[in-house]
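The structure under discussion appears below in the form of structure tokens.
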Amino acid sequence: MQRVGLFLGTLGLLLAVSVGQQGSELALRERARAAADALLQRLLGRLTQEYQAGGAERGVRVCTQVAQSLTREVGREQGVQIRRVSLKNRNPRNAPDAWERQILQQWARDLQAGKQIGEVGEWRTQQGRRVYRYMRPIMLAMPLCLECHGDPQSLKPEVRRLIRQNYPNDKATGYKLGDLRGAFSVTITPKEVQ
């Protein structure tokens, strides 16, 4: 009888921990989504504003001079580490780490097979700490994006020059509408697991 009681008690404890972790994971996923949403809105707002004021050339300047600082600012405000990553990165700082690369490659295979792709979130161990990692795809959804990321031969000469000047190892052209451009990548180190 004691064994049954011990078994049921242990099972109840495991179930409670599991339910608590699921709730915690849902809260972390929502926090990561909020950070990705905030960065998307801030970057698109700034790019649109600059594009309207001076065309794609001004858009390139936003990416070279403002995007990284906006990203850090959103990360501080949201209490997360956030970045944009791509297999065909323009800025070397946006090169994916091993986990990000694996997700991006899987998404590319899924898209090629006609499958839907979506956000990914999971617990990982990073530098000896347990962290929550989240990625959400960035799709090339607006024709405006093609002015800097489309067919290299169709880019305006000044845009091409600015890209070459600022990003000599640029890989971020040749996209078409609907292509996977990259991802928002969010890392959260919850206080309770630090």
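Residue numbers for the sequence shown follow my numbering, so the first one is 1 and each next one is one higher. Cβ atoms here follow ideal geometry from the backbone N, Cα and C, with glycine treated the same way. The structure presented is a predicted model; accordingly, all values stated were derived computationally and were not measured.
Does DSSP put residue i in a helix, in a strand, or in coil?
| i | result |
| --- | --- |
| Leu180 | strand |
| Gly128 | coil |
| Ile82 | strand |
| Glu202 | With the chain covering 1 to 194 only, the question about residue 202 has no answer from this structure. |
| Ile138 | strand |
| Val66 | coil |
| Gly121 | strand |
| Asn91 | coil |
| Pro110 | The amino acid at residue 110 is misidentified as Pro; the sequence shows Asp. In this structure, Asp110 counts as helix in the three-state DSSP scheme. |
| Ala172 | coil |
| Gly59 | helix |
| Asp37 | helix |
| Gln116 | coil |
State the CB to CB distance for the pair residue i and residue j, rounded to an integer number of angstroms; the pair is presumed to be in contact (CB under 8 Å).
| i | j | result |
| --- | --- | --- |
| Ala32 | Ile138 | The Cβ separation is near 14 Å, so there is no contact. |
| Gly186 | Val80 | A small correction: the amino acid at residue 186 is Val; Gly does not occupy that position in the sequence shown. Right, the Cβ-Cβ distance comes to about 5 Å (below 8 Å), so this counts as a contact. |
| Leu177 | Leu140 | 6 Å |
| Arg136 | Ala172 | Actually they are not in contact, since the Cβ atoms of Arg136 and Ala172 sit about 18 Å apart, beyond 8 Å. |
| Val60 | Val159 | 6 Å |
| Tyr175 | Leu146 | 7 Å |
| Leu70 | Leu43 | 6 Å |
Return the bridge partner residues of residue i from the DSSP annotation.
| i | result |
| --- | --- |
| Thr187 | Gln81, Arg133 |
Report the residue from the options whose alpha carbon sits nearest the alpha carbon of residue i.
| i | options | result |
| --- | --- | --- |
| Lys191 | Glu57, Tyr132, Leu87 | Tyr132 |
| Gly118 | Tyr175, Ala27, Leu180, Arg42 | Leu180 |
| Arg84 | Ala98, Arg76, Gln78, Ala67 | Ala67 |
| Arg101 | Leu44, Tyr134, Gly174, Arg130 | Tyr134 |
| Asn25 | Leu43, Pro96, Val120, Gln106 | Checking the sequence, you will find Glu at residue 25 rather than Asn. Selected option, being the one with the closest Cα: Val120. |
| Arg161 | Glu30, Leu47, Arg58 | Arg58 |
| Glu122 | Trp99, Leu87, Pro143 | Trp99 |
| Glu77 | Ser154, Glu30, Ala34, Arg130 | Ala34 |
Cβ-heavy atom distance between residue i and the ligand GDP below 7 Å?
| i | result |
| --- | --- |
| Gln52 | The ligand GDP is not part of this structure, which contains no ligands at all. |
Completely contained alpha helix (DSSP H) runs for the segment 142 to 170, where each covers 4 or more residues
146 to 149, 157 to 166
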